[in-house]
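> This is the structure I want to talk about, given as structure tokens.
In UniProt numbering, the protein residues as written are 1 to 232.
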């Protein structure tokens, strides 16, 4: 059975003031009802260039304990590389639908990799208003280029360069998280695979929605990974 992507639904029905029922969230999850309108506390911001490493460790430990999320600045990943990563992702989703489907997750496959619209099962049987592309970027031994788009042509070199840069950031985070817990610096990294840690790239695409009051691009969830690095 052919899977209908959210982007394709938008292309065929954006002018209509409705969305398919499988995307309508239960009332207690609908943005029109649940959106918070008060003051939102600032997420912790951690500067990797701070001269005092102990201060960085303290901030990371506190943010991880109290928030579970924080923003990193001066992380060392070149801004132009982040821009290129965003651009090649956009260019992939701008491709004709039939070209994107070449990279679709095989039906019934256990792998997470591939182009698709859903990961896991929703307890209410609902779908998120989003499409995605998911594939491994490190180590080289686990990469399946079957799921790496050939277009745009720069997609592969940009992702390869990003993989090298993001690993440096993650190494620092694992190190400082370990030290913040009072452990040896390499304990957490070794505990999740050491040099064989698998890095996965997930590019999310949230198409325009005619009824944003009824649906969500992403619902409340717990990530599958030991650590998630979000690119703005």
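Here a beta-carbon is modelled for each residue, glycine too, at the ideal position from N, C-alpha and C.
Can the beta-carbon of residue 177 be found less than 7 Å from the beta-carbon of residue 188?
yes
> So residue 221 is in the alpha helix (DSSP H); what residue range does that whole segment cover?
No residue range can be given for residue 221, since it is assigned to no alpha helix (DSSP H) and is classified by DSSP as neither H nor E.
> Please list, in chain order, all residues of the same chain as residue 23 whose beta carbon is under 6 Å from its beta carbon, the five residues on each side excluded.
Only 127, 129, 215 meet the Cβ criterion.
> In the DSSP assignment, find the unbroken alpha helix (DSSP H) run with residue 176 in it and report its ends.
155-180
> Any idea what DSSP makes of residue 30, helix, strand or coil?
In the three-state DSSP reduction, residue 30 falls in the coil class, being neither helix nor strand.
> Can you check which of these residues, 78, 173, 54, is closest to residue 161 by C-alpha distance?
78
> Could I get the ranges of all uninterrupted beta strand (DSSP E) runs contained in the stretch 67-95, with 3 residues as the minimum, in chain order?
71-73
> Rank 80, 164, 150, 43 by C-alpha distance to the C-alpha of residue 68 and give the top, closest one.
43
> Count Cβ pairs between the stretch 145-158 and the stretch 212-227 that sit closer than 8 Å; are there 3 or more?
no
> Considering only the beta carbon of each residue, do residue 88 and residue 45 sit closer than 7 Å?
no
> Do you know offhand how far residue 76's Cα is from residue 58's?
20 Å
> Rounded to the nearest angstrom, what separates residue 164 and residue 74 at their Cα positions?
17 Å
> Between the C-alpha atoms of residue 185 and residue 175, what's the straight-line distance to the nearest angstrom?
5 Å
> Compare the Cα-Cα distances from residue 105 to each of 94, 84, 131, 80 and report the closest residue.
131
> Name, in chain order, the residues that DSSP records as bridge partners for residue 138.
199
> When DSSP labels each residue in this structure, what does residue 108 get in the three-state scheme?
coil
> Can you tell me whether residue 194 is helix, strand or coil according to DSSP?
helix
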